[in-house]
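This report refers to the structure that appears directly beneath it.
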Amino acid sequence: MGSNEFDSLVLGLAEFVRRDGRYPYPELLRYALNKLALELTAVPYPRTLTGLLALLEKPVKTWYPRSLLPKEFDSDFGLLYEGGLSEETSRYFYEELLEQGKIPEFATAATKQIAIENYQFYKILGRLQELYNNDSDPECIQQEYVLLRSFLIENGYTTPAQLRKVFFKTRHIDIEEVGDLYEDCEENEPCWNCDRCGPLFKKYGKLRGIKPSACNDHRQDLPYVRKITWQQGLRRLKFGIHLRICLPGLPEIRLFHTLKELQRKYPDQLCATHLYPGIDRYDLQLCFCDGATWAVDIKDYQNPYNLAPKLTPLFGEGDLHYDESFYVIPIQRLQQREDYIEILREQAIKLPSSTHLLSDAVFQERVINKIECLK
Ligand SMILES: [Zn+2]
Numbered sequence: 003m004g005s006n007e008f009d010s011l012v013l014g015l016a017e018f019v020r021r022d023g024r025y026p027y028p029e030l031l032r033y034a035l036n037k038l039a040l041e042l043t044a045v046p047y048p049r050t051l052t053g054l055l056a057l058l059e060k061p062v063k064t065w066y067p068r069s070l071l072p073k074e075f076d077s078d079f080g081l082l083y084e085g086g087l088s089e090e091t092s093r094y095f096y097e098e099l100l101e102q103g104k105i106p107e108f109a110t111a112a113t114k115q116i117a118i119e120n121y122q123f124y125k126i127l128g129r130l131q132e133l134y135n136n137d138s139d140p141e142c143i144q145q146e147y148v149l150l151r152s153f154l155i156e157n158g159y160t161t162p163a164q165l166r167k168v169f170f171k172t173r174h175i176d177i178e179e180v181g182d183l184y185e186d187c188e189e190n191e192p193c194w195n196c197d198r199c200g201p202l203f204k205k206y207g208k209l210r211g212i213k214p215s216a217c218n219d220h221r222q223d224l225p226y227v228r229k230i231t232w233q234q235g236l237r238r239l240k241f242g243i244h245l246r247i248c249l250p251g252l253p254e255i256r257l258f259h260t261l262k263e264l265q266r267k268y269p270d271q272l273c274a275t276h277l278y279p280g281i282d283r284y285d286l287q288l289c290f291c292d293g294a295t296w297a298v299d300i301k302d303y304q305n306p307y308n309l310a311p312k313l314t315p316l317f318g319e320g321d322l323h324y325d326e327s328f329y330v331i332p333i334q335r336l337q338q339r340e341d342y343i344e345i346l347r348e349q350a351i352k353l354p355s356s357t358h359l360l361s362d363a364v365f366q367e368r369v370i371n372k373i374e375c376l377k
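Per my numbering, the sequence shown starts with residue 3, numbered consecutively.
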């Protein structure tokens with residue numbers, strides 16, 4: 003029953019943060035904190051709210067009862083970070099709870115609302131996948147899917163006019179449902195975007211990204227930090243879509259553009275690069291002139307132990323058949339932890355040894371080598 007208590011604490015905090023810490027505190031949070039007060043032994047239970055919030059920012063392993071801690075949570079992180087959910091708490095909330103359908107009976111309407119928002123994208127994805135398998139024109143559905151997904155990755159902010167312009171011709175995607183993946187910005191609210199991690203939040207007078215472990219320098223004069231001028235109808239990606247679609251998509255799109263550039267230079271060797279083939283069965287498919295096909299999935303996780311259980315053989319039926327498969331990790335992750343690939347190889351027990359695990363930099367070298375061999 004241990005993780006039940008931990009999960010209520012996470013769900014309660016998610017709701018608390020969403021309300022900007024305003025009274026009354028979510029019932030779920032009060033319940034979880036009462037439980038915590040009884041179980042806490044490593045440190046005394048804080049007597050003030052400020053003390054409590056400070057405790058929740060400390061690495062969970064230093065204070066939370068070990069026996070109640072789920073193994074899927076990386077306890078080097080705190081539950082909160084600068085007054086918001088820490089990135090590990092956000093990841094756990096979306097990935098381990100919402101997406102696994104683990105919204106417990108006792109979750110409140112507010113938590114269920116967050117879950118519904120998060121499913122808006124997966125609802126569209128599911129519908130397009132079904133159409134793709136049954137429709138007479140899968141090519142068109144594929145194109146519309148890539149249009150939607152890359153739009154969400156490349157546009158942390160949008161306006162109704164832009165949505166109309168981009169989606170006025172799509173047959174299977176409705177402008178309104180794309181708009182629903184965004185929320186209104188407050189009038190005259192200063193809005194900022196980072197090219198590397200998407201929309202930014204202002205906390206304690208500083209700009210903060212959604213994933214500080216990957217991108218944490220957001221001084222306003224940096225070239226990749228841009229101010230978005232407020233205008234009527236300006237909308238920002240909803241948090242869950244930002245976290246689960248836009249953020250992981252940025253390294254995918256970056257690698258796609260690099261490979262497209264190689265294809266433009268060497269069209270006789272690298273004949274095609276497809277993004278999200280088969281409505282997102284994996285991230286990239288490369289076709290070489292000797293008939294070889296490579297399948298690539300990009301994974302940006304700070305902790306290899308969290309990533310390993312997610313690595314399974316890439317789907318390879320029909321058009322998605324491949325000769326080589328790759329899981330590609332942004333090189334920054336490997337620089338933060340030298341034994342990253344080693345741990346991944348050892349822990350990813352569902353993965354055949356033929357699937358390559360490497361950094362984006364090494365992967366690009368492999369592609370260039372392959373092109374050289376084909377010249
Ligand atoms: Zn950033």
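We put the CB at the ideal spot given by N, CA and C, even for glycine.
heavy atom of ligand 1 below 7 Å from residue i C-beta
i: Arg-198; result: yes
i: Gly-211; result: yes
i: Cys-217; result: yes
i: His-220; result: yes
8 Å Cβ cutoff, residue i in contact with chain C
i: Leu-127; result: This model lacks chain C altogether, as it is built from one protein chain only.
Simplified DSSP assignment, three categories, for residue i
i: Arg-283; result: coil
i: Leu-57; result: helix
i: Ala-44; result: coil
i: Pro-253; result: helix
i: Ala-274; result: strand
i: Gly-14; result: helix
i: Phe-290; result: strand
i: Asp-9; result: helix
i: Asp-299; result: strand
i: His-358; result: strand
i: Gly-85; result: coil
i: Tyr-25; result: coil
i: Glu-159; result: Before going on, a small fix: residue 159 reads as Tyr here, not Glu. Note: Tyr-159 maps to strand in three-state DSSP.
i: Met-3; result: Note on Met-3: pLDDT 40, under 50, position unreliable in the model; the coordinate value appears next. Looking at Met-3 - three-state DSSP - the assignment turns out to be coil, as it is neither helix nor strand.
i: Gly-200; result: strand
i: His-220; result: coil
i: Asn-120; result: helix
Alpha carbon of residue i to alpha carbon of residue j, nearest angstrom
i: Ser-361; j: Ile-370; result: 14 Å
i: Arg-221; j: Cys-187; result: 21 Å
i: Ala-111; j: Leu-30; result: 11 Å
i: Thr-52; j: Ile-177; result: 44 Å
i: Phe-153; j: Tyr-284; result: 18 Å
i: Met-3; j: Ser-10; result: At Met-3 the pLDDT is 40, less than 50, meaning the model places this residue with poor confidence and gives no usable figure here.
i: Glu-7; j: Val-45; result: 18 Å
i: Leu-183; j: Thr-43; result: 42 Å
i: Pro-269; j: Ile-155; result: 27 Å
i: Lys-114; j: Ile-105; result: 8 Å
i: Leu-13; j: Glu-84; result: 18 Å
i: Asp-341; j: Asn-135; result: 41 Å
i: Leu-58; j: Phe-169; result: 43 Å
i: Leu-54; j: Cys-199; result: 30 Å
i: Leu-349; j: Leu-322; result: One point to set straight first is that residue 349 is Gln, not Leu, in the sequence displayed. Approximately 26 Å between the Cα atoms of the pair.
i: Leu-71; j: Asp-325; result: 41 Å
i: Leu-236; j: Lys-167; result: 15 Å
Limits of the alpha helix (DSSP H) - the one that residue i falls within
i: Glu-348; result: 342-349
i: Glu-107; result: No alpha helix (DSSP H) contains Glu-107, which DSSP labels as neither H nor E.
i: Glu-90; result: 89-93
i: Lys-167; result: 162-169
i: Leu-70; result: Counting along the chain, Leu-70 falls outside any alpha helix (DSSP H), and DSSP gives it neither H nor E.
i: Cys-193; result: Looking at the DSSP string, Cys-193 is not in any alpha helix (DSSP H); the run it does join, the beta strand (DSSP E), is 193-196.
i: Ser-152; result: 140-156
i: Ile-331; result: First-last for Ile-331: 326-331, but that is the beta strand (DSSP E), not the alpha helix (DSSP H).
i: Leu-309; result: 306-309
i: Ile-378; result: The chain is shown from 3 up to 377; residue 378 falls before or after that span and cannot be answered.
N- and C-terminal bounds of the beta strand (DSSP E) containing residue i
i: Asn-371; result: That residue, Asn-371, is in no beta strand (DSSP E); its alpha helix (DSSP H) goes 362-376.
i: Tyr-184; result: 184-186
i: Leu-209; result: 208-210
i: Ile-230; result: 227-230
i: Lys-240; result: Counting along the chain, Lys-240 falls outside any beta strand (DSSP E), and DSSP gives it neither H nor E.
i: Phe-203; result: 203-205
Three or more beta-carbon pairs under 8 Å between the region 160-175 and the region 296-315, yes or no? no
Inter-stretch contact (C-beta, 8 Å, three-pair minimum) for the region 297-309 and the region 262-277: With a cut-off of 8 Å, the region 262-277 and the region 297-309 do not count as touching, because too few Cβ pairs lie within range.
Using 8 Å as the cut-off, can you tell me whether the region 89-96 makes contact with the region 65-78, which would need three or more C-beta pairs spanning the two stretches below that distance? yes
Contact the region 29-43 vs the region 54-67: 3+ CB pairs below 8 Å: yes
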